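**Q**
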Amino acid sequence: MRSAFLSKLQTHAPVAQPQVISSGAAKEAGDLPQVQEVASDAEDQLSADAQDGVRKIPRIWVITFVDPMQQGMSNSLLPYVTSSFRLHSLKASTMIMSNIIGGLIKLPLAKVLDIRGRPQGFLIMVGALTIGLVMMAACNNFKTYAAAQAFYWVGRYNGMSYTISIFIADTSALKNRALMFAFVSSPYIATVWVGGPLATVFLNGPGFRWGYGAFAIITPAITCPLYAVFAWNYKKAKDAGLLSEKTHSRTFTQSLKHYFIEFDIIGIILLACGLALFLLPFSLYSYQKDQWRSSLVISMIIVGGLLLFDRTVLGACILAASLFVSFYIWDSYFSSFLQIVNDLSITQASYIVNIYSIGACFWSIIVGILVRWSGRFKWLALYFGVPLTILGVGLMITFRQLDVNIGYIIMCQIFIAFAGGTCVITEQMAVMAATSHQYVAVVLAVESMFANIGGAIGQTVAAAIWTGVFLQRLAEYLPDEANANATLIYGDLTVQKSYPVGSLERIAINRAYGDGQKYILIGGTAILAVGLGATMMWRDIKVKDFKQVKDLVV
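Residues 95 to 648, numbered by this note's numbering, are exactly what the sequence shown covers, in order.
(1) Quick test of the definition: if touching needs 3 or more C-beta pairs under 8 Å, does the region 470-477 touch the region 494-511?
(2) Report the CB separation of Ser464 from Phe512 in whole angstroms; it is logged as a contact under 8 Å.
(3) With a cut-off of 8 Å on the beta carbons, I'd call Leu474 and Thr441 a contact; round off their distance for me.
(4) Apart from the five residues just before and just after Leu489, which ones in its own chain have a Cβ nearer than 6 Å to its Cβ?
(5) Anyone know if the C-beta pair for Ala653 and Thr224 falls short of 8 Å?
(6) My guess is that Gly249 and Met163 are in contact by the Cβ rule of under 8 Å, so how many angstroms apart are they, rounded?
(7) In the structure shown, what three-state DSSP assignment does Trp632 receive?
(8) Would you call Ile316 buried or exposed, if buried means 16 or more other Cβ atoms sit within 10 Å of its Cβ?
(9) Taking only three categories from DSSP, how would you classify Thr345?
(10) Given this structure, state the Cα-to-Cα distance separating Val595 from Leu476, to the nearest angstrom.
(11) Would you be able to state if there are at least three C-beta pairs under 8 Å between the region 258-275 and the region 428-438?
(12) What is the residue span of the alpha helix (DSSP H) that Leu292 lies within?
(13) Counting only the same chain and skipping the five closest in sequence on each side, list residues whose C-beta sits under 7 Å from that of Val487.
(14) Exposed or buried, what is Pro173 when buried is set at 16 or more other beta-carbons lying within 10 Å of its beta-carbon?
(15) Just how far apart, CA to CA, sit Gly501 and Ser429?
(16) With the cut-off set at 8 Å, would you say Gly215 and Thr257 are in Cβ contact?
(17) Taking Ile583 as the reference, give the member of Glu570, Asp574, Leu565, Glu575 with the closest Cα.
(18) Short check: CB of Leu227 to CB of Thr294, under 8 Å?
(19) Which whole-angstrom value describes the C-beta separation of Ala276 and Ser458, a residue pair presumed to lie in contact below a C-beta threshold of 8 Å?
(20) Return helix, strand or coil for Val435, following the three-state DSSP convention.
(21) Just checking: is the beta-carbon of Asn499 within a distance shorter than 8 Å of some beta-carbon in chain D?
(22) Starting from Phe179, follow the alpha helix (DSSP H) in both directions and report where the run begins and ends.
(23) CB-CB under 6 Å to Gln433, same chain, minus the five flanking residues each way: which ones, in chain order?
(24) Compute the beta-carbon to beta-carbon distance between Thr629 and Val480, rounded to the nearest angstrom, for a pair I have assumed lies under 8 Å.
(25) In this structure, how does DSSP classify Lys638 when only helix, strand and coil are distinguished?
(26) Which word fits Leu598, buried or exposed, when buried means at least 16 other C-beta atoms lie within 10 angstroms of its C-beta?
(27) Could you check the C-alpha separation between Met631 and Phe418 for me, to the nearest Å?
(28) From Gly514 to Met254, what does the alpha carbon distance come to, in whole angstroms?
(29) Could you give the C-beta distance for Ala545 and Ala415, rounded to a whole number, given that I count them as a contact under 8 Å?
Spelled out as structure tokens, the structure:
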């Protein structure tokens with residue numbers, strides 16, 4: 095499947111025919127001659143072989159919708175939701191399938207956006223998000239909540255956010271695109287402060303279910319108008335004769351077969367099953383009687399590995415994957431660590447956790463300006479973004495321990511935030527600059543899929559380390575009279591918080607957290623070396639000279 099994508103990208107002619115610049119000053123040092131897209135008569139009309147969705151988007155404005163307040167609330171509630179089922183240790187495992195499914199959904203979603211249109215894909219994702227919120231509001235067991243998380247992440251982060259990214263790519267010049275991506279993320283700087291207090295209000299009041307239920311009503315109310323405006327613009331374009339509907343004579347059965355092949359349903363299922371079967375055993379092994387010797391664990395790893403071997407998923411998006419592996423390793427139990435070891439409230443912990451979102455969104459605007467000014471993006475990632483990420487995560491090995499001033503943790507978070515704002519923007523620019531606009535939706539889907547798979551791997555590693563280290567050290571450090579409660583303490587954040595600060599039990603819990611965090615952060619730092627090597631492989635593309643789309647907004 096991925097080879098098919100790459101073959102299309104390599105053989106497809108760009109919107110305007112490329113012209114090789116032979117001047118030495120215009121060439122990249124030590125690289126092939128730079129290919130620059132120049133104006134041609136073809137720019138006066140859309141590509142004849144463009145898919146329907148791409149041809150619908152010209153003359154339709156860019157508008158974005160983000161819901162960071164709801165996401166901040168959900169992140170703050172997650173440890174308490176899993177604790178309500180006595181399964182706090184499965185906090186990371188909850189997100190593994192969500193990340194896998196969410197990442198893989200972008201491949202067929204890219205097809206929906208290109209074949210049926212951007213508004214239709216956006217509406218489908220709003221529906222998935224709403225279903226997830228309703229399920230979380232109504233869940234009575236951990237399995238339902240985990241399934242709801244899959245719908246939620248498919249709809250929100252992996253669906254709506256991805257669709258909005260395509261809207262921006264459709265209506266902005268490549269040299270301005272980094273700045274536009276940063277601009278639409280800027281509301282996080284203000285709204286991210288609300289998530290923690292909002293979670294506190296619901297936890298202390300009607301309960302976490304009402305938190306999800308409220309947004310199950312709010313979300314459709316604020317997103318459907320966006321779809322309505324898109325539909326209205328589409329109708330205007332159609333009435334003006336700018337769009338023509340393609341007709342076909344396929345029967346219903348033939349249409350089912352056509353779209354079954356077009357969306358590669360079997361490939362998506364095999365890929366999802368392979369990833370899930372391979373990754374989940376690493377976080378679930380401790381719940382099996384024979385642990386690693388369990389036939390269930392062994393069979394899941396073997397079958398998953400075989401499926402992955404048949405469906406190759408490793409490729410050009412190594413940086414995105416490695417960054418997400420690292421992030422989800424060190425972030426998975428970060429909020430719980432702050433509330434237990436540093437004795438912070440939900441609101442206070444959310445402020446520190448969200449330093450990344452605030453700093454990354456703020457700094458990404460500066461990165462966008464720098465990309466527009468310099469016309470290049472590789473230097474920002476190679477000499478600033480990735481090295482600063484390694485520094486920030488590496489320092490936390492020392493600072494995320496007992497009796498360490500929390501200011502050092504905040505300093506590390508600021509480093510990682512500025513680095514993340516740089517890396518996310520530049521890696522998206524890299525995949526978009528490497529292809530013509532017709533396939534932007536596809537390459538962004540592939541890049542995002544690898545990021546999500548990286549996130550699933552990171553959560554798998556975090557869960558495996560946590561299950562293997564935290565419970566063992568907890569049983570070792572607890573006083574004899576509390577040792578019988580080790581499993582209960584391990585699985586419930588509220589039980590951990592119930593022991594007074596300074597008590598022998600709380601000190602033992604804090605020490606176990608410190609040991610677990612140390613191993614987690616070592617893993618999160620080590621994987622970033624892969625990202626640095628991947629960044630060195632980038633071609634230093636000059637984005638100022640690209641002209642990819644017609645009828646730009648910016």
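Just so it is clear, CB atoms sit at the ideal spot from N, CA and C, and this is done for glycine as well. Nothing here was measured: the structure is a model prediction, and the numbers come from that model.
**A** A quick look at the data gives this:
(1) These segments do not touch.
(2) Your numbering for residue 464 matches position 370 in the sequence shown. Your numbering for residue 512 matches position 418 in the sequence shown. Reading off the sequence shown, one finds Leu at residue 464, where the question assumed Ser. Contact doesn't hold; Cβ gap of about 12 Å is too wide.
(3) For the purposes of this step, residue 474 is identified with residue 380 of the sequence shown, where counting begins at 1. For the purposes of this step, residue 441 is identified with residue 347 of the sequence shown, where counting begins at 1. 34 Å between Cβ atoms; not a contact.
(4) Here residue 489 refers to the residue found at position 395 when the sequence shown is read from its first residue. Around Leu489: Cys506.
(5) What is shown of the chain runs 95 to 648, which leaves residue 653 out entirely.
(6) Here residue 249 refers to the residue found at position 155 when the sequence shown is read from its first residue. Here residue 163 refers to the residue found at position 69 when the sequence shown is read from its first residue. Contact flag wrong, Cβ pair sits at about 16 Å.
(7) Here residue 632 refers to the residue found at position 538 of the sequence shown. It is coil, neither helix nor strand.
(8) Position 222 of the sequence shown, counted from the first residue, corresponds to residue 316. It is exposed - the Cβ of Ile316 has fewer than 16 other Cβ atoms within 10 Å.
(9) Locating residue 345 in the sequence shown gives position 251, where the first residue counts as 1. Under the three-state reduction of DSSP output, Thr345 falls in the coil class, being neither helix nor strand.
(10) As a position in the sequence shown, residue 595 is number 501, starting the count at 1. As a position in the sequence shown, residue 476 is number 382, starting the count at 1. The alpha-carbon atoms of Val595 and Leu476 are separated by roughly 43 Å.
(11) No, the region 428-438 is not in contact with the region 258-275.
(12) In the sequence shown, the residue the question calls residue 292 occupies position 198. 289-298 is the extent of the alpha helix (DSSP H) around Leu292.
(13) Residue mapping note: residue 487 aligns to position 393 of the sequence shown, counting from 1. Cβ neighbours of Val487 within its own chain (closer than 7 Å, five residues either side excluded): Ser420, Trp424, Ile510, Leu615, Gly618, Thr619, Leu622.
(14) In the sequence shown, counting from the first residue as 1, residue 173 sits at position 79. By the 10 Å Cβ count, Pro173 comes out buried.
(15) By 1-based counting over the sequence shown, the position of residue 501 is 407. By 1-based counting over the sequence shown, the position of residue 429 is 335. Straight-line Cα distance between these residues: approximately 16 Å.
(16) Translated into positions along the sequence shown, residue 215 becomes position 121. Translated into positions along the sequence shown, residue 257 becomes position 163. Result yes, Cβ atoms of Gly215 and Thr257 sit closer than 8 Å.
(17) Residue 583 sits at position 489 when you count from the first residue of the sequence shown. Among Glu570, Asp574, Leu565, Glu575, the Cα nearest to that of Ile583 is on Leu565.
(18) Against the sequence shown, residue 227 aligns to sequence position 133. Against the sequence shown, residue 294 aligns to sequence position 200. Contact annotation: Leu227 and Thr294 have beta-carbon atoms that are not nearer than 8 Å.
(19) On the sequence shown, residue 276 is found 182 positions in, with the first residue counted as 1. On the sequence shown, residue 458 is found 364 positions in, with the first residue counted as 1. The Cβ separation is near 4 Å, so the contact holds.
(20) Residue mapping note: residue 435 aligns to position 341 of the sequence shown, counting from 1. Val435: coil per DSSP, three-state reduction.
(21) Of the protein chains in this structure there is only one, and it is not chain D.
(22) Translated into the one-based positions of the sequence shown, residue 179 becomes position 85. Neither: Phe179 is in no alpha helix (DSSP H) and is coded neither H nor E.
(23) Along the sequence shown, read from residue 1 onward, the residue named residue 433 stands at position 339. Closer than 6 Å at Cβ, skipping near neighbours: Ala443.
(24) The residue you call residue 629 lines up with position 535 of the sequence shown. The residue you call residue 480 lines up with position 386 of the sequence shown. Thr629 to Val480, Cβ: 5 Å. Contact.
(25) As a working note, residue 638 is residue 544 in the sequence shown. Coil at Lys638, not helix or strand.
(26) Sequence index remark: in the sequence shown, residue 598 carries index 504 (1-based). Exposed: under 16 other Cβ atoms inside 10 Å.
(27) Within the sequence shown, residue 631 is the residue found at index 537, counting from 1. Within the sequence shown, residue 418 is the residue found at index 324, counting from 1. The straight-line gap separating the alpha-carbon atoms of Met631 and Phe418 is approximately 19 Å.
(28) Position 420 of the sequence shown, counted from the first residue, corresponds to residue 514. Position 160 of the sequence shown, counted from the first residue, corresponds to residue 254. Between the C-alpha atoms of Gly514 and Met254 there is a straight-line separation of about 21 Å.
(29) Position 451 of the sequence shown, counting from 1, holds the residue named residue 545. Position 321 of the sequence shown, counting from 1, holds the residue named residue 415. The beta-carbon distance between Ala545 and Ala415, rounded to whole angstroms, is 6 Å. This is short enough to meet the 8 Å contact definition.
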